[in-house]
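Residue numbers (UniProt numbering): 35 to 449. Quick reminder that beta carbons are idealized off the backbone N, C-alpha and C, glycines included. What follows is a set of notes on a single structure, which appears directly below.
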Ligand code: FAD
Ligand code: UQ1
């Protein structure tokens with residue numbers, strides 16, 4: 035078949051959620067998903083795997099079991115986009131045409147983006163990164179081998195997905211060091227390129243309390259540029275003093291690599307100057323091509339890139355694109371930028387950050403979520419994977435918005 039009513043590019047959480055919703059609206063054989071890879075990765079699980087809480091293999095499932103029935107799986111990469119003629123050329127040379135297109139290709143993790151990173155990870159078992167299915171399994175053993183010295187955790191230049199994740203793994207490691215009697219044998223460093231521990235004031239304040247209490251050394255505006263594994267040193271650039279670099283010895287180095295759009299997307303007419311799909315931030319409709327929408331990490335929506343954001347975006351997109359297909363108003367629903375980051379601060383402790391485009395907290399539960407809580411740790415580690423596999427990828431989870439409205443009837447006196 036060469037023309038579909040709807041083509042979805044990308045079979046991550048965003049693409050599966052949207053194709054599930056639209057096969058129900060449009061019927062069998064009218065929706066196709068273009069996705070080259072055999073496996074779907076539940077990336078929010080990687081923090082738990084890095085902390086030794088769960089087995090990483092439990093976070094990977096075959097796409098063949100997830101792509102909704104009735105949706106045609108085109109197992110190829112989309113290479114060239116021609117939105118003027120509603121056409122996509124695949125990497126096998128075939129063409130696919132569509133009436134409507136949803137872009138959901140995610141963001142690329144760039145292991146080549148730090149000089150010496152790949153060599154260091156291949157040659158020094160104390161240089162690790164949870165940012166792929168293949169490498170996440172090496173993180174916890176490295177944490178277990180740590181016996182003292184500097185344990186360094188890095189945060190690259192933005193944008194990245196789940197901006198809380200690089201510090202969640204640090205808090206788990208630090209907690210592990212304490213529980214195993216090695217915490218006083220060295221220092222724990224968080225080296226981040228941004229000016230604060232977190233981008234939202236309420237949660238930044240809560241996290242600064244944690245950083246102080248746990249005696250973590252916070253280096254802001256500090257950018258990892260090179261790893262010299264032969265000398266067991268990491269090289270940083272100070273962003274407030276251009277041209278200044280310094281070296282830190284490490285005995286454990288956890289790297290969050292920089293991230294960027296995939297080349298096929300960046301080179302397409304669908305993106306803005308930064309290489310992300312150019313959308314109206316409220317309606318999720320493309321700014322130039324009205325029959326194109328976008329969702330998730332591949333977009334230029336100015337919110338934190340998370341699965342939680344995708345859940346909220348999915349119900350907005352379903353309403354607006356659903357309306358457009360029926361000849362109704364494609365701007366009916368408006369996205370407020372809702373996103374969420376369960377900030378794990380130790381084994382059994384989590385601050386559940388939830389906020390909108392303006393960095394205003396939008397908390398689901400009628401309690402102060404700026405506190406470390408055991409309930410929120412279980413929400414993240416036990417409930418979220420169930421919600422993800424049973425409801426989110428099947429297009430039955432559109433974010434907690436309606437529950438927030440109901441639950442907050444009871445939130446008298448909450449700050
Ligand atoms: P992806 O999951 O990256 O999927 C994109 C898909 O598109 C891929 O399958 C890819 O193969 C495909 N693709 C790419 N290019 C092409 C092409 N040219 N043609 C066809 N297909 C293509 N979020 C939370 O909400 N809570 C958390 O606690 C949380 N923790 C996280 C922890 C870590 C360590 C990480 C890495 C992420 C975390 N996230 C969290 C973020 C969340 O995982 C992502 O935001 C989400 O998975 C992105 O989904 P996506 O569908 O946009 O992209
Ligand atoms: C969420 O919806 C989601 O995606 C399914 C996540 O990723 C796994 C999350 O981490 C969070 C916190 C949410 C938001 C859900 C609730 C109940 C607050």
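- DSSP, reduced to helix, strand and coil, places residue 155 within a helical segment of the structure shown.
- Checking the DSSP bridge columns, you'll see residue 118 has no partner listed.
- With a beta-carbon spacing of about 12 Å, residue 67 and residue 122 fall beyond the 8 Å limit used to define contacts.
- Approximately 21 Å separates the beta-carbon atoms of residue 261 and residue 192; this is outside 8 Å, ruling out the contact.
- Buried is the label assigned to residue 312, since at least 16 other Cβ atoms lie within 10 Å of its Cβ.
- Look at residue 349 here: in three-state DSSP terms it is helix.
- The C-alpha of residue 366 is placed about 21 Å away from the C-alpha of residue 438.
- Fully contained in the region 307–381 are the following beta strand (DSSP E) runs of length 3 or more, in chain order: 326–328 and 373–380.
- Under the 8 Å Cβ criterion, the region 361–380 does not count as touching the region 260–280, having fewer than three qualifying pairs.
- Here residue 163 has 169 and 289 as same chain residues with Cβ atoms under 6 Å from its own Cβ, once five neighbours each way along the sequence are excluded.
- For the options 386, 291 and 233, the alpha carbon positioned closest to that of residue 338 is the one of 233.
- Of the other Cβ atoms in all chains shown, 16 or more fall within 10 Å of the Cβ of residue 217; this residue is therefore buried.
- Residue side-chain check: residue 339 places its Cβ nearer than 7 Å to a non-hydrogen atom of the ligand FAD.
- DSSP links residue 83 through a beta bridge to no other residue.
- Pairing residue 417 with residue 277, the inter-Cα distance amounts to about 46 Å.
- The shortest C-alpha to C-alpha distance from residue 39 to any of 106, 46, 84 and 238 is the one to 106.
- Its chain contains 102, 428 and 429 as the residues whose beta carbon lies nearer than 6 Å to that of residue 54, once the 5 sequence neighbours on both sides are disregarded; these appear in chain order.
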